[in-house]
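The structure appears below as structure tokens.
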């Protein structure tokens with residue numbers, strides 16, 4: 001028995017340029033912003049907590065009347081893992097954010113966007129880039145034990 005041939009449409013869906021679709025596009029765009037901001041908050045917490053662990057145990061070992069640690073390098077490794085996880089989280093979230101924006105500004109949705117073709121980056125984009133650089137600097141300083 002031959003299988004029936006199903007014709008695939010050229011586009012997955014038709015986008016209507018009306019007010020409800022435009023506002024749905026805006027809600028999706030703002031949801032992408034909120035998601036990136038949530039990743040930024042989480043990553044900053046990981047980076048900050050990792051650096052704090054490193055500094056706390058470095059200062060603790062330098063204090064008088066404190067027994068030496070059994071595994072003196074463990075806090076450094078935990079700190080590096082947390083700082084690395086936060087920095088990688090920022091990179092991945094920024095990649096996903098950019099991917100979604102390219103999709104939303106694609107030719108299928110351009111009539112719905114309601115504004116010109118020039119995509120503007122928001123402040124959270126710049127903050128994310130800055131935090132990635134800070135995360136890398138903190139990772140390198142902990143790795144090299146810069147004080």
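In the numbering used here, the protein residues as written are 1 to 147.
Beta carbons are placed, not taken as given, at the ideal position from N, Cα and C, and that holds for glycine.
**Study point:** Sub-8 angstroms separation of residue 106 and residue 50 beta-carbons
**Key:** Here residue 106 corresponds to residue number 106 of the chain shown, with the count starting at 1. Here residue 50 corresponds to residue number 50 of the chain shown, with the count starting at 1. Their beta carbons are not under 8 angstroms apart, which means residue 106 does not touch residue 50 by this criterion.
Practice item. Output the boundary residues of the alpha helix (DSSP H) element that contains residue 22. Key: Translated into the one-based positions of the chain shown, residue 22 becomes position 22. Run containing residue 22: 19-61, per the alpha helix (DSSP H) assignment.
Practice item. Can you grab the Cα-Cα spacing for the pair residue 19 / residue 45, in whole Å? Key: Taking the first residue of the chain shown as position 1, residue 19 is located at position 19. Taking the first residue of the chain shown as position 1, residue 45 is located at position 45. Going from the Cα of residue 19 to the Cα of residue 45 covers about 39 angstroms.
**Study point:** At least three beta-carbon pairs within less than 8 angstroms, the stretch 135-147 to the stretch 85-103
**Key:** A contact between stretches requires three or more CB pairs, one per stretch, nearer than 8 angstroms, and the stretch 135-147 meets this requirement with the stretch 85-103.
Exercise for review: Taking residue 53 and residue 79 to be in contact with their CB atoms under 8 angstroms, please state how far apart those CB atoms are, rounded to whole angstroms.
Suggested key: Here the question's residue 53 lines up with position 53 in the chain shown. Here the question's residue 79 lines up with position 79 in the chain shown. Residue 79 and residue 53 do touch by the CB rule: their CB atoms are close to 5 angstroms apart, below 8 angstroms.
Point to revise | Residue closest to residue 129, alpha-carbon to alpha-carbon, out of 29, 30, 43, 21 | key: Counting from one through the chain shown, the residue named residue 129 turns up at place 129. Looking at 29, 30, 43, 21, the one whose alpha-carbon comes closest to that of residue 129 is 43.
Point to revise | Alpha-carbon spacing of residue 61 relative to residue 100, whole angstroms | key: In the chain shown, counting from the first residue as 1, residue 61 sits at position 61. In the chain shown, counting from the first residue as 1, residue 100 sits at position 100. Rounded to the nearest angstrom, the two C-alpha atoms are 47 angstroms apart.
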